[in-house]
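Heads up, the sequence shown is in our numbering, so the first residue is 23 and it goes up one at a time.
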Amino acid sequence: MPYNFTLTTLIPASPQEIYDAWLDSVTHSEMTRAKVLMSDEIGAEVSAYDGYITGRNLELVPGERIVQSWRTTQFADEHEDSLIAVTLEDADTGALLTLVHTNVPDDQTSYELGGWEEYYFEPMKAYFSETKGKATAVAKKAKPGTPKTKRKRAATKATKAKRRPATAAKAALGKKKPKKARVAVKPKSKRATGAKRRSSRGTRRR
23 MPYNFTLTTL
33 IPASPQEIYD
43 AWLDSVTHSE
53 MTRAKVLMSD
63 EIGAEVSAYD
73 GYITGRNLEL
83 VPGERIVQSW
93 RTTQFADEHE
103 DSLIAVTLED
113 ADTGALLTLV
123 HTNVPDDQTS
133 YELGGWEEYY
143 FEPMKAYFSE
153 TKGKATAVAK
163 KAKPGTPKTK
173 RKRAATKATK
183 AKRRPATAAK
193 AALGKKKPKK
203 ARVAVKPKSK
213 RATGAKRRSS
223 RGTRRR
């Protein structure tokens, strides 16, 4: 007789990030490191782990809930599809993921006893932790003390400021000294010169 079980775990990502990753073939494959076919359309067929799991999207609520039919290659022909309902809620350290797996064949308890933890929860935690670590490293590199352009401008201004005193001095040296104004000397009249000579002669005779 089929049975049901519920598992919960904390994933270091937002509910929307988990929702998007789960329904994206590339990201889902990166998380589980296996071939995956996913879709974000209701009714679309899905598969995971290289075809070991197959199913179909039954209900999708963006960022909140994913419901899929789910069967593995271990299911016998007489077994009906099981159902998984993944509910996502905000949590302090990321998102609380609640998985309800129903209509599971009673002889297949491995999904509950470590299967989901080993093949989904742990790989998802590792994937999102690594992704956040890379994003943080990129953000740190993107914060230089001073942009190169600003540094060049500052250096250019400093160089120009150093050159100004020397340039001013050269300009001062290059200026020609103003020429002294010449005072025009009036030529002495011949009468005044002759009188002066007579005067000097009279002085000598005495």
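Yeah, the Cβ is synthetic: ideal placement off N, Cα and C, and Gly gets one too.
One question on the structure: do residue 93 and residue 103 come within less than 8 Å of each other, judged by their Cβ atoms?
yes
Who are the Cβ neighbours of residue 130 in its own chain at under 7 Å, not counting the five residues just before and after it?
Correct list, in chain order: 96.
What is the rounded straight-line gap between the Cα of residue 124 and the Cα of residue 154?
33 Å
Which stretch, first to last residue, makes up the alpha helix (DSSP H) that contains residue 52?
47 to 54
Can you tell me where the beta strand (DSSP E) with residue 106 in it begins and where it stops?
104 to 113
When you compare only the Cα positions, how much space is there between residue 63 and residue 50?
15 Å
How far does the alpha helix (DSSP H) with residue 43 in it reach, from first residue to last?
37 to 44
Quick one: give me the first and last residue of the beta strand (DSSP E) that residue 279 is part of.
Residue numbering for the chain in the displayed model covers 23 to 228; residue 279 lies beyond these limits and cannot be assessed.
Measure from the alpha carbon of residue 112 to the alpha carbon of each residue in 32, 23 and 26, then state which is nearest.
32
Thinking just about the alpha-carbon of each residue, which of 34, 122, 56 and 28 is nearest to the one in residue 141?
56
Where do the ends of the beta strand (DSSP E) carrying residue 126 lie?
116 to 126
With which residues is residue 33 paired in a DSSP beta bridge?
117
Please state whether the Cβ-Cβ distance between residue 107 and residue 126 is less than 8 Å.
Their beta carbons are not under 8 Å apart, which means residue 107 does not touch residue 126 by this criterion.
How would you label residue 53, buried or exposed, when you count the other beta carbons within 10 angstroms and need 16 or more for buried?
buried
If you count every other CB in all the chains shown that lies within 10 Å of the CB of residue 39, and 16 or more means buried, which is it?
By the 10 Å Cβ count, residue 39 comes out buried.
By DSSP, does residue 94 sit in helix, in strand, or in coil?
strand
Alpha carbons only, please: which of 139, 81 and 37 is nearest the one belonging to residue 116?
37
Taking the beta carbon of residue 26 as the centre, do at least 16 other beta carbons fall within 10 Å, making it buried, or is it exposed?
Burial check for residue 26: the Cβ neighbour count within 10 Å stays below 16, so the residue is exposed.
Roughly how many angstroms separate the alpha carbons of residue 118 and residue 110, rounded to a whole number?
Between the C-alpha atoms of residue 118 and residue 110 there is a straight-line separation of about 6 Å.
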